[in-house]
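Residue numbers (the numbering used here): 11 to 164.
Using N, Cα and C, we set each Cβ at its ideal position, and we do this for glycine too.
No experiment lies behind these values; they were computed from the predicted model shown.
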């Protein structure tokens, strides 16, 4: 029994070390200032602070990769979440979205924060300060509603 336990521990340790050599790319694509949310949309300071604290790591091309994003298999999940977040909504490329997509994304921002789907619960495990208060949610939803009303009809 002890021998089996030791062999299992050694195999698991070797496997853990081995997977450290498979590192998915952590990419922060260049940010083109003219394509950002701030370039085309009025973002009040209070909204900018909320976005910075709770959204930008996964929804911009300026992700902060903390130390634990260096350790597999956790790194794989983090990179996957960031890539998926950027695919769904990338505030660094907001200006290239068409009007219909912008309206839809503004609606989704309010829906996702109101329902508690965003920020992602796994992100909140480590980033407690990213938790949105009811006031934060109201500020974001009021802002998204105002921005939607300013977009041209489609």
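Test item: CB-CB of residue i and residue j under 8 Å
i, j, result
"residue 158", "residue 117", "yes"
"residue 109", "residue 162", "yes"
"residue 101", "residue 66", "yes"
"residue 105", "residue 32", "no"
"residue 150", "residue 27", "no"
Cβ-Cβ separation, residue j to residue i (assumed contact under 8 Å), whole Å
i, j, result
"residue 154", "residue 119", "5 Å"
Residue i classed as buried or exposed, judged by whether at least 16 other C-beta atoms fall within 10 angstroms
i, result
"residue 53", "buried"
"residue 22", "exposed"
"residue 46", "buried"
"residue 42", "exposed"
"residue 64", "buried"
"residue 112", "buried"
Coil, strand or helix - residue i by DSSP
i, result
"residue 67", "helix"
"residue 95", "helix"
"residue 23", "helix"
"residue 84", "helix"
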